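Here is the structure we will look at.
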Amino acid sequence: MENFIINTPTVLHFGQVVIQGLGKTLAKYGKNVLFIYGKGSIKSNGIYQQVINQLNLFDLQYVEYHGIKANPIIEDVDKAAKLGKRNNVDVILAVGGGSVIDTAKIVSIAIPVKNPAWDFFEAKVKPEKSIPLITVLTFAGTGTEMNSFAVSQNLQTKQKLGYGNDLIYPKHSFLDPKYTFSVPKDQTAYGIVDLIAHSLEAFFGGGEATLSDRFVYSIIKEAIDYGPDLLNNLENYELRAKIMYAATAALNKLTFYGRSSTDWGVHSIGHVLSLLYDLPHGATLSIAYPAWLKLFENRIPERIIEMGENLFGVKTTKETISGLESFFKSLNCPLKLSETGIEYDKNIILKTMKLNKVNGFTHKISVEDYDKIIEFLE
Ligand code: NZQ
Ligand code: ZN
Numbered sequence: 017m018e019n020f021i022i023n024t025p026t027v028l029h030f031g032q033v034v035i036q037g038l039g040k041t042l043a044k045y046g047k048n049v050l051f052i053y054g055k056g057s058i059k060s061n062g063i064y065q066q067v068i069n070q071l072n073l074f075d076l077q078y079v080e081y082h083g084i085k086a087n088p089i090i091e092d093v094d095k096a097a098k099l100g101k102r103n104n105v106d107v108i109l110a111v112g113g114g115s116v117i118d119t120a121k122i123v124s125i126a127i128p129v130k131n132p133a134w135d136f137f138e139a140k141v142k143p144e145k146s147i148p149l150i151t152v153l154t155f156a157g158t159g160t161e162m163n164s165f166a167v168s169q170n171l172q173t174k175q176k177l178g179y180g181n182d183l184i185y186p187k188h189s190f191l192d193p194k195y196t197f198s199v200p201k202d203q204t205a206y207g208i209v210d211l212i213a214h215s216l217e218a219f220f221g222g223g224e225a226t227l228s229d230r231f232v233y234s235i236i237k238e239a240i241d242y243g244p245d246l247l248n249n250l251e252n253y254e255l256r257a258k259i260m261y262a263a264t265a266a267l268n269k270l271t272f273y274g275r276s277s278t279d280w281g282v283h284s285i286g287h288v289l290s291l292l293y294d295l296p297h298g299a300t301l302s303i304a305y306p307a308w309l310k311l312f313e314n315r316i317p318e319r320i321i322e323m324g325e326n327l328f329g330v331k332t333t334k335e336t337i338s339g340l341e342s343f344f345k346s347l348n349c350p351l352k353l354s355e356t357g358i359e360y361d362k363n364i365i366l367k368t369m370k371l372n373k374v375n376g377f378t379h380k381i382s383v384e385d386y387d388k389i390i391e392f393l394e
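First residue of the sequence shown: 17, per the numbering used here; consecutive thereafter.
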């Protein structure tokens, strides 16, 4: 087992009506709030009003930046940071899913610097401080509510990149499973795929860490046992709660400890597909994971079989891959690009894979592998 440090500084408030603690928590960080949210789901499901009530209860001043799109773009980070600077905000409040929270994370380090936000992704600037970030999660999947990662797209350079820094951990995150009741069936399924993918990206990392492997199996089993039920009972609190907690646990680093590395090759492929075709993140992963497994089937058969034995009780790589495919299919998620209805162009995918340097940290994907991957994606 490798050495590790556990330091997850996010205070997680999980359960019914946790929103009641929001105003008091924000007030600890100051009076001026930058309130960031997405395209409007929080207005139609009533969450917006509950947040405003909390702000009013503690006499907090706020400016709003909204309209963050799914698969967020760096322009919104720069615009929101400008608004935050102009209003001298003390604290950032992000209410939404991964796209909103990731945007707010980068805003939190962009406000204190003069550089454009993309400079962080290109390592041209290193943050030295951040504006405190508080989140209210409305979508279970990414795990961003309790980690130090953020993802953004630069449509000019045609890149979708991840960024990691301990300064972007949210200070507090509020998770009420009820807030996810209004997430539509297909999006709920994409969140379930995402949490499975995060668990597996850790599992396919380097080194031996048996307890972390067992965490991976347990998290994925929650998804397998309760995910399909949830899709037929979107307003079932217990099922929403199980999936929400599983998603947090899948990417708050619990599954990382003791490993020498994690992988992220599948996410690297998925990011190219959402960048090019604006596919939902989870839908890119239900296509990319089986493709990645097919590429590595003969390179790491033992590890793939270990996954299959523990998750599906099977004994071969083929059965493992089809076990995962059948589960994704049972959630009605696409397994192939051809099932998404988009008109894709193989040459553009190849070019964008090269530009984004698609690769894993542990299991290397060479440029020569790209053609094979595209074949598996089709
Ligand atoms: O814009 P709004 O109106 O909020 O609508 C959103 C959006 O259309 C909607 N939604 C969110 N909560 C809802 C709701 N609709 C009804 N009721 C609710 N309660 O759902 C749609 C998708 O939201 P989005 O935030 O895009 O989804 P998700 O949480 O999957 O985030 C995806 C982004 O996170 C990145 C992905 O790459 C992608 O850009 N990731 C971030 C990670 C991280 N920071 O650790 C790790 C992940 O692997 C991932 O890469
Ligand atoms: Zn993901």
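Think of the CB as a built atom: it goes at the ideal place given N, C-alpha and C, for glycine as much as any other residue. As the structure is a prediction and not an experimental result, all values here were calculated from the model.
CA-to-CA, the gap between residue 120 and residue 145 works out to about 14 Å. The residues 282, 285 and 286, in chain order, have a CB closer than 6 Å to that of residue 304 in the same chain once the five nearest residues on each side in sequence are set aside.
Annotation: residue 220 to residue 214 spans about 10 Å, alpha carbon to alpha carbon. Using a 10 angstroms sphere on the CB of residue 364, the tally of other CB atoms stays under 16, which defines it as exposed.
When C-alpha distances from residue 256 are compared across 198, 310, 104 and 313, the shortest belongs to 198. Between the ligand ZN and residue 210, a heavy atom-to-CB distance of less than 7 Å is present. When beta bridges are read from the DSSP output, residue 170 appears opposite 175. Residue 342 and residue 335 have their C-alpha atoms some 10 Å from each other. For secondary structure counted as the alpha helix (DSSP H) over 4 or more consecutive residues, the segment 259-293 holds these complete runs in sequence order: 281-293.
If you ignore the 5 residues before and after residue 235, its C-beta comes within less than 6 Å of the C-beta of 215, 262, 265 and 266, all in its own chain and listed in chain order.
The bridge partners DSSP lists for residue 77 are 48. By the 16-neighbour rule on beta-carbons within 10 angstroms, residue 58 is buried. Boundaries around residue 297 are those of the alpha helix (DSSP H), 297-312, since no beta strand (DSSP E) includes it.
Scanning its chain for C-beta atoms nearer than 6 Å, with the 5 sequence neighbours on each side dropped, one finds around residue 151 the residues 110, 117, 161, 186 and 189, in chain order. Of the other Cβ atoms in all chains shown, 16 or more fall within 10 Å of the Cβ of residue 218; this residue is therefore buried. Not a single heavy atom of the ligand NZQ lies less than 7 Å from the C-beta of residue 266. Judged by beta-carbon spacing, residue 29 lies within the 8 Å limit of residue 37, meaning their Cβ atoms are closer than that value. When DSSP states are grouped into helix, strand and coil, residue 110 belongs to the strand group. Two segments are said to touch when three or more pairs of C-beta atoms, one from each, lie closer than 8 Å; by this definition the segment 368-380 touches the segment 161-181. 159 is the residue among 210, 159 and 206 whose C-alpha sits nearest the C-alpha of residue 191. Here the alpha carbons of residue 260 and residue 18 stand approximately 29 Å from one another. In the structure shown, residue 360 falls within a coil segment according to DSSP collapsed to helix, strand and coil.
Annotated three-state conformation of residue 185 is coil, per DSSP. Taking 7 Å as the cut-off, one finds no heavy atom of the ligand ZN near enough to the beta carbon of residue 278. One Cα belongs to residue 55, the other to residue 89, and the distance between them is close to 13 Å.
Only exposed fits residue 32, as fewer than 16 other CB atoms lie within 10 angstroms of its CB. Check the Cα spacing between residue 394 and each of 322, 315, 302 and 327: the tightest is with 302. Rounded to the nearest angstrom, the gap between the Cα atoms of residue 180 and residue 319 is 27 Å.
For the pair residue 208 and residue 347, the CB atoms are nearer than the 8 Å cut-off. The residues 177 and 179, in chain order, have a CB closer than 6 Å to that of residue 137 in the same chain once the five nearest residues on each side in sequence are set aside. Per DSSP, residue 150 is not a residue of any alpha helix (DSSP H); the beta strand (DSSP E) it occupies stretches across 149-153.
In this structure residue 384 is exposed. Its beta-carbon is surrounded by fewer than 16 other beta-carbon atoms within 10 angstroms. For residue 297, the distance from the CB to the nearest heavy atom of the ligand ZN is below 7 Å.
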